[in-house]
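Visitor:
Protein chains: 2
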Amino acid sequence: MLNKFLKIIEVSEVEKILKDLFNDLYSNHKSENVELECANHRVLAENINATMDLPPFDRASKDGFAVHAPDTFGATEEESVILDLLEHIDAGQRPQKKIKPGYCSLINTGAPIPEGASGVVMVEYTETRGKKIEIYRPAAPGQFITKQGSDIKQGDRLLSKGTFITSDKIGALSAMGLKKIPVQEKIKVAIISTGKELVNSGQDLEYGQIYDVNSYSLRSAVIACGALPLWLGVVPDDYDGLSDIMKDAINQSDIVLTSGSTSAGTGDVLKDVIKDMGEVLVHGISVKPGKPTIVGKINEKIIIGLPGYPVAALMIFQIFLAPYIRILSGKAFNNSIKTVKYPLKERFFSSKGRLHYALVKIIDEQVYPIFKDSGAIAALAQAQGYIKIPKNVEILNEETEVEVYLFDGL
Amino acid sequence: MLNKFLKIIEVSEVEKILKDLFNDLYSNHKSENVELECANHRVLAENINATMDLPPFDRASKDGFAVHAPDTFGATEEESVILDLLEHIDAGQRPQKKIKPGYCSLINTGAPIPEGASGVVMVEYTETRGKKIEIYRPAAPGQFITKQGSDIKQGDRLLSKGTFITSDKIGALSAMGLKKIPVQEKIKVAIISTGKELVNSGQDLEYGQIYDVNSYSLRSAVIACGALPLWLGVVPDDYDGLSDIMKDAINQSDIVLTSGSTSAGTGDVLKDVIKDMGEVLVHGISVKPGKPTIVGKINEKIIIGLPGYPVAALMIFQIFLAPYIRILSGKAFNNSIKTVKYPLKERFFSSKGRLHYALVKIIDEQVYPIFKDSGAIAALAQAQGYIKIPKNVEILNEETEVEVYLFDGL
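Same order as they appear, the protein sequences are chains A and B.
Residue numbers for the first sequence follow our numbering, so the first one is 787 and each next one is one higher.
Residue numbers for the second sequence follow our numbering, so the first one is 787 and each next one is one higher.
#1: Taking the CB atoms as reference points, tell me whether Asp876/A and Ala852/A lie closer together than 7 angstroms.
#2: Check the DSSP bridge columns for Thr980/B and list the partner residues they point to.
#3: Please list the partners that Pro1078/B has in chain A, where partner means a Cβ-to-Cβ separation under 8 angstroms.
#4: Span of the beta strand (DSSP E) holding Leu869/B?
#5: Can you give me, in chain order, the residues of the stretch 952-975 of chain B that have a beta carbon less than 8 angstroms from any beta carbon in chain A?
#6: Just the C-alpha distance for Lys1131/B and Glu1184/B, rounded to the nearest angstrom, thanks.
#7: Can you give me the start and stop residues for the beta strand (DSSP E) that Val1188/A sits inside?
#8: Tell me whether Tyr812/B is buried or exposed, calling it buried when 16 or more other Cβ atoms sit within 10 Å of its Cβ.
#9: Could you give the C-beta distance for Ser979/B and Asp998/B, rounded to a whole number, given that I count them as a contact under 8 angstroms?
#10: Quick one: does Pro900/A have its CB under 7 angstroms from some CB of chain C?
#11: One question on the structure: do Ile951/A and Arg828/A come within less than 7 angstroms of each other, judged by their Cβ atoms?
#12: Helix or strand or just coil, what does DSSP make of Lys1174/B?
#13: How is Gly957/B classed by DSSP in three states: helix, strand or coil?
#14: Rounded to whole angstroms, what's the CA-CA distance from Lys816/A to Asn809/A? Just pull it up for me.
#15: Go to Pro1129/A, then tell me how far its beta strand (DSSP E) extends in each direction, as first and last residue.
#16: For Ser904/B and Arg845/B, I'd like the C-alpha separation in whole angstroms.
#17: Please tell me whether Ile956/B and Asn826/B are closer than 7 angstroms, where the distance is taken between their beta carbons.
#18: Can you tell me where the beta strand (DSSP E) holding Ala903/B begins and where it ends?
#19: Using 8 angstroms as the threshold, is the stretch 1089-1105 of chain A in touch with the stretch 1165-1185 of chain A, meaning 3 or more CB pairs across them?
#20: Starting from the Cα of Ile803/B, find the closest Cα among Lys1083/B, Thr1125/B, Cys1011/B, Thr1044/B and give me that residue.
#21: Roughly how many angstroms lie between the CA atoms of Gln934/A and Gly981/B, to the nearest whole one?
#22: Cβ atoms of Leu945/B and Lys972/B: under 7 angstroms apart, would you say?
#23: If Pro1093/A sits next to Pro1075/A, beta carbons under 8 angstroms apart, how far is it from one beta carbon to the other, in whole angstroms?
#24: For Glu818/B, which residues in the same chain have their Cβ closer than 7 angstroms to its Cβ, ignoring the five residues on either side in sequence?
#25: Could you tell me which whole alpha helix (DSSP H) segments of length 4 or greater appear in the stretch 1071-1128 of chain A?
#26: By how many angstroms is the C-alpha of Thr1125/A removed from the C-alpha of Val1201/A?
#27: Evaluate contact between the stretch 1005-1025 of chain A and the stretch 853-860 of chain A, counting only Cβ atoms and requiring at least three cross-stretch pairs below 8 angstroms.
#28: With distances taken Cα to Cα, identify the nearest neighbour of Glu832/B among Leu872/B, Lys966/B, Glu864/B.
#29: Following the continuous alpha helix (DSSP H) through Gln1168/A, name the residue where it begins and the one where it ends.
#30: So, for Asp1149/B: in the same chain, excluding its five sequence neighbours on each side, which residues have a beta-carbon less than 7 angstroms away from its beta-carbon?
#31: Less than 8 angstroms between the CB atoms is what I'm expecting for Ser847/B and Thr932/B, so what's the real figure, rounded?
#32: Out of Leu1166/A, Leu1182/A, Ile1123/A, which has the shortest C-alpha to C-alpha gap to His1142/A?
#33: Helix, strand or coil for Ser798/A per DSSP?
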């Protein structure tokens, strides 16, 4: 007889083991500096304080005339005040002339307030007659002047470490003129497919071969979680070949995802490779599909041996790993799996004794199970999500309301 | 007096105008071929049919022995059947020998079934003694054989036009060995900042200048919506300069987003440029912030003149434009704005007569309004989202439950 699974363990226990592994990864999370243009959807690795006052100078918040405010007190449509125009201060320009009583300067929104000015009268309440400006309303002292530092003062906290950077935070960072932003490094995930029958897409198939699916689907899923895939492609599944590639993979990544070579068959060497280089923590989970999944650790790197069947590999990734990777990428909130609830259209028989994840599609607010095995590509093509059937439930009757976990966005 | 807004119009009317503009854009949506590796989160532009049977040959679904099934009928632990071993067929290999009655071949999961075999006995129910294989269980005809084409047949529909491609669909496409995938082109959005006082991040500021915010925040927001930014940076806001850049922008993009130069001040030329090259459809929306927004059309391209103030520019983009761009990018469902409901911590006074979008932060499940104007960067830094206050509401009292639209993921 061949060697069997170490021990099939429950989902809750696997989750505990994964949580510990990812906690270690989280506490060793390094940072890097990236261009401002690349910082969106990253996690800020340091507190950012304002490098300057904002605005950096007193500026006009309306188009109008900068005045010595007391000159305008009492001005009305009937009893206007007439001031002498000194200059036109456009945004971006340094004022050349000081405002003395009796004088004013035309000023645009965003332009610096000239020396001596204590208010701005909106252009709507003025009339220009050559160099003479008629003012119809008074300017209260400070009116339409945004004071230097009134938005934020140099040295004040702008953004805190741990902030998930979205377009609004990019705006705040760009206001400081920052080019390089310290962010947490992306988690690096090496992706390896094993299987002598596998061929990369675009090449010709020989008899007995099939195209590799897992390294493409997992690569997309890893990117959607905000991590960086390191794509090692199809590798041999013999002990020496797999050991060599594993050494490379753990040197270059935080997590190694393999698929294939996990079950108890004759060609299955992954478990031996992990055992010899590190530690096998899980070999066999009480779920369907995905029972032969391996979880291991080599030099503090997390090794996940996914089953070879595409449906099983992707489901185990999405259910057990994606949530942790999203947390490390700051995407826990906005990129989590969404669910909808609809009645089941057809009776569904589940497998005994294991938590079952079954692929489904939704048509007209009814849920149709997809009756294909975990090797089936058609199932992947048709599925919109999956339902969970607890291990003690064998039959879900028609019309049972089920919660569908949607693949959208994954 | 200077020229005023054309006419301040209601939000519902603006939405109708935008819907028509984006419908035209949608119906002219072109497609392109991209590498499989780049097809995730794109929209499939054609139906994809299976280019081959899957599996492409009869294959074993378990590790075991390929047998002439009738040979094994009646086999038990007590009364085993003994067969002669012909060969070992590994995955990816072409079988060399035909299974005649009395013979068997060792076969791995995924390997092609040899000619003459009609079932597979799992390795767990056998014992190997040199070239003699003891069989303890019968193989029903067809047992553990996945027939050629049983998953999907060549020519069958694999995926339909319009499918939003997620990692599971990448899996289905890779199974066919496809290298190039026809997808809808990304919507191209030109981004222009106008303002004589604006400087790109990383450069030195002179007196009176500030760093450009909008082209950075809008660029991030455009990417997050699944579109392609065309970043034209800070351009002069005089008529000739803006006309020239507008010609370039409409040639290279589907949508042109400008910011600044929209209000009724002396330096505001955008409206004239649009009027002379095409049509101004909206100039002034009954909202706060963002009242001076312009919507126009030049040669079937959508022109949006956003206000210069960063908060206003980003809010108008997120509220009025992002939903349509997400639909065009297939991201309507999974990337939409999320909301939460919590009580307001402090009384909030809204402005009369306009729908008001107010920035807020959330602390301990309570909503704090951010009392900063729409020019404020600190507001962008602190905000977690916004609330909507209808135009006929002037005061929201403490403890009022409000719905917060979250910036997460934008």
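Ideal placement from N, C-alpha and C gives every residue a C-beta, glycine not left out.
Bear in mind the structure is a predicted one, so any value in this text is a computation, not a measurement.
Guide: According to the data block:
#1: Counted from its first residue, the first sequence places residue 876/A at position 90. Counted from its first residue, the first sequence places residue 852/A at position 66. Result no, Cβ atoms of Asp876/A and Ala852/A do not sit closer than 7 angstroms.
#2: Here residue 980/B corresponds to residue number 194 of the second sequence, with the count starting at 1. Per DSSP, Val1021/B.
#3: Residue 1078/B sits at position 292 when you count from the first residue of the second sequence. Result: empty, since nearest Cβ-Cβ is about 11 angstroms, beyond 8 angstroms.
#4: Here the question's residue 869/B lines up with position 83 in the second sequence. That run of the beta strand (DSSP E) goes 867-875.
#5: Thr952, Ser953, Asp954, Lys955, Ile956, Gly957, Ala958, Leu959, Ser960, Ala961, Met962, Gly963, Leu964, Lys965
#6: Residue mapping note: residue 1131/B aligns to position 345 of the second sequence, counting from 1. Residue mapping note: residue 1184/B aligns to position 398 of the second sequence, counting from 1. Lys1131/B and Glu1184/B: Cα-Cα distance of roughly 5 angstroms.
#7: The residue you call residue 1188/A lines up with position 402 of the first sequence. 1187-1192 is the extent of the beta strand (DSSP E) around Val1188/A.
#8: Counted from its first residue, the second sequence places residue 812/B at position 26. Label assigned to Tyr812/B: exposed.
#9: Taking the first residue of the second sequence as position 1, residue 979/B is located at position 193. Taking the first residue of the second sequence as position 1, residue 998/B is located at position 212. Between Asp998/B and Ser979/B the Cβ distance is about 5 angstroms, and since that is below 8 angstroms, they are a contact.
#10: You won't find chain C in this structure, because its protein chains are A and B.
#11: Translated into the one-based positions of the first sequence, residue 951/A becomes position 165. Translated into the one-based positions of the first sequence, residue 828/A becomes position 42. A contact, by the Cβ cut-off of 7 angstroms.
#12: Taking the second sequence and counting its residues from 1, one reaches residue 1174/B at position 388. Under the three-state reduction of DSSP output, Lys1174/B falls in the strand class.
#13: The sequence position of residue 957/B within the second sequence is 171, counting from 1. Gly957/B falls in the helix class under three-state DSSP.
#14: Here residue 816/A is taken as the residue at index 30 of the first sequence, counted from 1. Here residue 809/A is taken as the residue at index 23 of the first sequence, counted from 1. Cα to Cα, Lys816/A sits roughly 14 angstroms from Asn809/A.
#15: If you number the first sequence from 1, residue 1129/A lands on position 343. Where Pro1129/A is concerned, the enclosing beta strand (DSSP E) stretches over 1125-1129.
#16: Position 118 of the second sequence, counting from 1, holds the residue named residue 904/B. Position 59 of the second sequence, counting from 1, holds the residue named residue 845/B. Between the alpha carbons of Ser904/B and Arg845/B lies a distance of about 11 angstroms.
#17: Numbered from its first residue, the second sequence carries residue 956/B at position 170. Numbered from its first residue, the second sequence carries residue 826/B at position 40. Yes; because the gap between Cβ atoms is below 7 angstroms, this pair is in contact.
#18: Taking the second sequence and counting its residues from 1, the one referred to as residue 903/B is at position 117. Per DSSP, Ala903/B belongs to no beta strand (DSSP E) and is neither H nor E.
#19: yes
#20: By 1-based counting over the second sequence, the position of residue 803/B is 17. Ranking Lys1083/B, Thr1125/B, Cys1011/B, Thr1044/B by Cα distance to Ile803/B puts Lys1083/B first.
#21: Counting from one through the first sequence, the residue named residue 934/A turns up at place 148. Counting from one through the second sequence, the residue named residue 981/B turns up at place 195. Straight-line Cα distance between these residues: approximately 19 angstroms.
#22: Here residue 972/B refers to the residue found at position 186 of the second sequence. Here residue 945/B refers to the residue found at position 159 of the second sequence. In this structure, Leu945/B does not lie closer than 7 angstroms to Lys972/B by Cβ.
#23: Mapped onto the first sequence, residue 1093/A falls at position 307. Mapped onto the first sequence, residue 1075/A falls at position 289. That belief holds up - the Cβ atoms of Pro1093/A and Pro1075/A are roughly 7 angstroms apart, short of 8 angstroms.
#24: Walking along the second sequence from the start, residue 818/B turns up at place 32. Only Val969, Glu971 meet the Cβ criterion.
#25: 1096-1102, 1108-1114
#26: In this structure chain A extends from 787 to 1196, so residue 1201/A is not present and cannot be described.
#27: By the Cβ test, the stretch 1005-1025 of chain A is not in contact with the stretch 853-860 of chain A, since fewer than three Cβ pairs between them sit closer than 8 angstroms.
#28: The residue given as residue 832/B occupies position 46 in the second sequence. Looking at the Cα atoms, Lys966/B is the closest of the given residues.
#29: Counted from its first residue, the first sequence places residue 1168/A at position 382. Here the alpha helix (DSSP H) through Gln1168/A covers 1163-1168.
#30: Here residue 1149/B refers to the residue found at position 363 of the second sequence. Note that residue 1149/B corresponds to Ile in the displayed sequence, not to Asp. Within the same chain, Ile1149/B has no close Cβ partners at all.
#31: The residue you call residue 847/B lines up with position 61 of the second sequence. The residue you call residue 932/B lines up with position 146 of the second sequence. Ser847/B to Thr932/B, Cβ: 5 angstroms. Contact.
#32: For the purposes of this step, residue 1142/A is taken as residue 356 along the first sequence, with counting starting at 1. With distances taken between Cα atoms, His1142/A lies closest to Leu1182/A.
#33: Position 12 of the first sequence holds residue 798/A. Note: Ser798/A maps to helix in three-state DSSP.
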